[in-house]
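Counting from 1, position 37 in the sequence shown corresponds to residue 191 in this note's numbering; the numbering is continuous, with no gaps. We treat Cβ as the ideally placed atom computed from N, Cα and C, and that holds for glycine. Below is one structure, written out as structure tokens; comments come after it.
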Amino acid sequence: MIARIVLTASLLALTGCGLVYDAVQWIYPIAKDDLQRVCARKRLRVGISVEPFRPFVFPAVFTDEGLRITGMDVDLVRELASALERRCGREDPVIPTLHLVRVRDQFVELNENKLDLIVSAVTANVPLEQAAGIAYSIPYYDDGAIGGMARSRELAQSIRTRFGAPAQNGEGGTPASRAFEGLRVAVPELRSPYVYAKEYLERSELILCDSLPAAFESQNPPVDVILGKLPVLRYIVTRVRKDWHLIEWADGVPLRLMREQYAVAMAEENYRLRLFVNDTLFRLRESGRLEELRRKWHDDFYAYPRRAATEGLPFSVEDLPQHYDQGTCRWMTSR
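This is the structure we're talking about:
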């Protein structure tokens, strides 16, 4: 207020000297933190992977109510939006707005403030160069891992045998590098299996794919093995692509190349939003709700189009073309 009075007095004095000034007014912006901005907007902008990661994210379905998408991560978004509505103290609902985004663009859109959250089976414990400026919530899924599936049962058994065999005299490398030596291994772009393969599978021919569906369909280059998130691979080989085979130990326990935890991703400076998400996930875990969601999507048998029709959430129509374009695969030329 003092600054405004001094400025006004100065302007009046200067006009007496024959100087003419345009009207000047200082505007003091109303500062709002990240959580207040979401409450004021009444919308929670959530990035979901455009590439399906069943059972976390399923392909979109046309329903009587329009396009819908479903999965464990979509259910989690609904839980977060409901908790946020109570936190904001509003009678109006906080609407979760889903944006289907390519994995390579998700962190960019977070940092550009186009999204509030990413909920898409994001691995929190595997470092990724592209995730600079990104922070993670506490995990909502603890039993993740990097695993693999092979084109044939015989190949899966061969990899298991080589992985468990001791190194021969003078033979270097990790068990994984020896087990996958000489094989054409496909990995999804900028996901944790991509980071793992770049670091540890130096004896393999690596193939970079835009999505898992692209890896299944790739003919040039041909694929021997696909590395991916183990819960996703397990779902696929038991319910979708039974012609592929999970790489397992002799007792049927899946081969885990690295343990993973899946969390919600946010911009690093969104401290209050992160605290809110952490508190909500904690309460969902303590109440048993997270375990209910895990069983619902990972253990139960169901038709996901039916669930999409009754429980799914809408998403932006302009995202639809890229949702159904699952991309291609190509040789990884540099590491």
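Report task. Check each candidate in Pro342, Arg199, Gly318 and name the one with the smallest Cα separation from Val377. Result -> Closest in C-alpha terms to Val377, from the list Pro342, Arg199, Gly318, comes Pro342.
Query raised in the report: Contact check, Ser274 vs Asp227 under 8 Å by CB: the rounded distance?
Result: About 6 Å; that satisfies the 8 Å criterion.
Query raised in the report: Which same chain residues, not among the five before or five after Val95, have their C-beta less than 8 Å away from its C-beta?
Result: The question about residue 95 has no answer here: the residues shown for the chain are numbered 155 through 489.
Requested in this report: Determine the DSSP secondary structure at Ile184, reduced to helix, strand or coil.
Outcome: Only weak support exists for where Ile184 lies, its pLDDT of 42 falling under 50; the coordinates are left without a value.
Query raised in the report: Using a Cβ-Cβ cut-off of 6 Å (strictly less than) and excluding sequence neighbours within five positions of Thr251, which residues of its own chain qualify?
Result: Shown here for Thr251: same chain residues with a beta carbon closer than 6 Å to its own, the five before and five after excluded, namely Arg197, Arg199 in chain order.
**Report entry** Classification of Arg115 by the beta-carbon crowding that lies within 10 angstroms, buried from 16 upward
**Finding:** There is simply no residue 115 to check, as the chain begins at 155 and stops at 489 in what is shown.
Query - Three-state secondary structure assigned by DSSP to Glu356 - result: Of the three classes helix, strand and coil, the one that applies to Glu356 here is coil, per DSSP.
Requested in this report: Go to Met226, then tell me how far its alpha helix (DSSP H) extends in each direction, as first and last residue.
Outcome: 226 to 242 is the span of the alpha helix (DSSP H), which, as asked, contains Met226.
Query - Inter-residue spacing [alpha-carbon to alpha-carbon] between Leu435 and Ser236 - result: About 12 Å.
Query raised in the report: Are the region 309 to 316 and the region 288 to 297 in contact at 8 Å, needing three or more beta carbon pairs?
Result: Pairwise C-beta distances place the region 309 to 316 out of contact with the region 288 to 297, as fewer than three of them are shorter than 8 Å.
Query raised in the report: What does a CB cutoff of less than 6 Å around Gly302 pick up in its chain, not counting 5 residues either side in sequence?
Result: If the five residues before and after Gly302 are omitted, its C-beta is found closer than 6 Å to the C-beta atoms of Val379, Leu381, Ile401, all from its own chain and listed in chain order.
Query raised in the report: Can you tell which of Asn279, Pro320, Gly201, Ala417 has its C-alpha closest to the C-alpha of Phe261?
Result: Ranking Asn279, Pro320, Gly201, Ala417 by Cα distance to Phe261 puts Gly201 first.
Query raised in the report: Nearest-angstrom Cα distance between Leu271 and Val192?
Result: A straight-line Cα-Cα distance of about 11 Å links Leu271 and Val192.
Query raised in the report: What first and last residue would you give for the beta strand (DSSP E) that runs through Phe216?
Result: For Phe216, the uninterrupted beta strand (DSSP E) segment begins and ends at 215 to 217.
Query raised in the report: Among all the DSSP beta bridges, which residues are the ones paired with Tyr416?
Result: DSSP lists Thr277, Tyr295 as partners of Tyr416.
Requested in this report: With DSSP collapsed to three states, give me the class of Ser306.
Outcome: In this structure, Ser306 counts as coil in the three-state DSSP scheme.
Query raised in the report: Which partner residues does Val255 have in the DSSP bridge list?
Result: DSSP output for Val255 lists Ser203 as bridge partner(s).
Query raised in the report: Given that a residue counts as buried once 16 or more other Cβ atoms are within 10 Å of its Cβ, and exposed if not, what is Asn374?
Result: Classification for Asn374: exposed.
Requested in this report: Count the other CB atoms, across all protein chains shown, that sit within 10 Å of the CB of Trp485; report buried if there are 16 or more and exposed otherwise.
Outcome: By the neighbour-count criterion, in which a residue is buried when 16 or more other Cβ atoms sit within 10 angstroms of its Cβ, Trp485 is exposed.
Query raised in the report: Is Gly481 closer than 8 Å to Asp405 when the C-beta atoms are compared?
Result: Gly481 is positioned such that its CB atom lies no closer than 8 Å to that of Asp405.
Requested in this report: Quick one: residues in its chain with C-beta nearer than 8 Å to the C-beta of Cys483, no 5 flanking neighbours on either side, listed in chain order?
Outcome: These residues qualify, in order along the chain: Ala340, Ile361, Leu362, Cys363, Asp364, Ala368, Ala369, Ser372, Pro375, Val377.
**Report entry** C-alpha gap between Ala319 and Ser331, whole angstroms
**Finding:** Rounded to the nearest angstrom, the two C-alpha atoms are 12 Å apart.
Query raised in the report: Which residue from Asn279, Leu254, Pro385 puts its Cα closest to that of Val407?
Result: Answer by Cα proximity: Pro385.
Requested in this report: To the nearest angstrom, report how far apart Ala185 and Val204 are at their CA atoms.
Outcome: Here Ala185 scores only 38 on pLDDT, less than 50, and its place in the model is too uncertain to base an answer on.
Query raised in the report: For the beta strand (DSSP E) that Pro408 lies in, which residues bound it at each end?
Result: Element bounds for Pro408: n/a, residue is neither H nor E.
Query raised in the report: Which partner residues does Glu402 have in the DSSP bridge list?
Result: Partner residues in the beta bridge of Glu402, as assigned by DSSP, are Pro408.
Query raised in the report: Buried or exposed: which applies to Thr392, given that a residue is buried once 16 or more other Cβ atoms fall within 10 Å of its Cβ?
Result: Exposed, since its Cβ has fewer than 16 Cβ neighbours within 10 Å.
Query - Contacts around Arg410, its chain only, beta-carbon distance under 8 Å, and the 5 residues preceding and following it disregarded - result: Excluding sequence neighbours, Arg410 sits near Ala299, Ile300, Gly301, Leu384.
Query raised in the report: Excluding five sequence neighbours on each side, which residues of the same chain lie with their C-beta closer than 7 Å to the C-beta of Tyr354?
Result: Only Thr328, Ala330, Ser331 meet the Cβ criterion.
Requested in this report: Enumerate in chain order the residues of its own chain whose CB-to-CB distance from Gly336 is below 6 Å, with the five nearest sequence positions on each side excluded.
Outcome: So no residue of the chain qualifies.
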